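A.B. asks: Numbering (the working numbering), first residue to last: 51 to 295. Even glycine gets a Cβ: it sits at the ideal position worked out from N, Cα and C. Remember, predicted model here, so these are calculated numbers, not experimental data. Sharing a structure, written as structure tokens. Questions coming.
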Ligand code: PEP
């Protein structure tokens, strides 16, 4: 199975920077690892136009509603219609600044999958939770609350991203062994929850991944790829993360 690297550009880049990224990235990207890009909503059509066909484009959030009177929201139906492939859901910045909870993410995941998108569901513990020994329970809760009663999920339309909140944008990375311990637990929970296909659901690690720590993280048995913020903004760094030096 190819490793999957997802770039989360957050609310960064202008249109010229998007174009500059692809002029280098397209030239050197070999497809050795799968590459998906989550841009700002406004830049989605530009990313669609500039990327090569092996790269998949998506967004960082979408509404639990498919359409209607929800001023300012982004619709997963519209994203699919524009050829979008995936959407990130439950990123810790969304939980922290926009009051998203695992419970309301349950509806967002349902809608995204129903509309034909891949839902990349983010889970992770805070530093306080880790220090008080609650990491595995917190992650398990986040998985159950968001994935309960979902009849359309399969191993192709759901990806889990484990992102310890204390490692996002801080330069602190979980050691490969710390990450592997949580990934193995997530794998076990998914296998029990979805006996027919849980083992095949991809589990990505996120939190200060950089070219100099990516290989040891990806060498872990249950790490199927990465979700990358800061180091995905520069084409040369994201190329290195995709295995193309
Ligand atoms: C993220 O925001 O998903 C992330 C992993 O950020 P960074 O790589 O900058 O820690």
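#1: Return yes when at least one heavy atom of ligand 1 lies under 8 Å from the C-beta of residue 220, else no.
#2: So, at 7 Å on beta carbons, what are the nonlocal neighbours of residue 241 in its own chain, with the 5 sequence-adjacent residues on each side left out?
#3: For residue 155 versus residue 107, is the C-beta distance shorter than 9 Å?
#4: Going by alpha carbons, who is nearest to residue 194 out of 224, 239, 77 and 226?
#5: Would you give the residue range spanned by the alpha helix (DSSP H) that residue 227 belongs to?
#6: Report yes or no: do the segment 266-274 and the segment 58-76 share at least 3 C-beta pairs separated by less than 8 Å?
#7: Report whether the distance from the Cβ of residue 266 to the nearest heavy atom of ligand 1 is below 8 Å.
#8: Would residue 255 be called buried (16 or more neighbouring beta carbons within 10 Å of its own) or exposed?
#9: When the Cα atoms are used, what is the spatial distance from residue 279 to residue 258?
#10: Excluding sequence positions up to five away, which residues of its chain have a Cβ less than 7 Å from the Cβ of residue 205?
#11: Taking DSSP's pairing of strands, which residues face residue 173 in a bridge?
#12: Is residue 292 a contact residue of ligand 3, with contact defined as CB to any heavy atom under 8 Å?
#13: Just curious, the beta strand (DSSP E) that residue 124 is in, first and last residue?
#14: Closer than 6 Å by C-beta to residue 237: which residues in its own chain qualify, once you throw out the five before and the five after it? Chain order, please.
#15: Consult DSSP for residue 189 and reduce its assignment to one of helix, strand or coil.
C.D. replies: Looking at the coordinates:
#1: yes
#2: 248 and 249
#3: no
#4: 239
#5: 226-243
#6: no
#7: no
#8: buried
#9: 7 Å
#10: 247, 250 and 251
#11: 212
#12: Ligand 3 is absent from the structure shown, which contains only ligand 1.
#13: Where residue 124 is concerned, there is no enclosing beta strand (DSSP E), given that its DSSP letter is neither H nor E.
#14: 272
#15: helix
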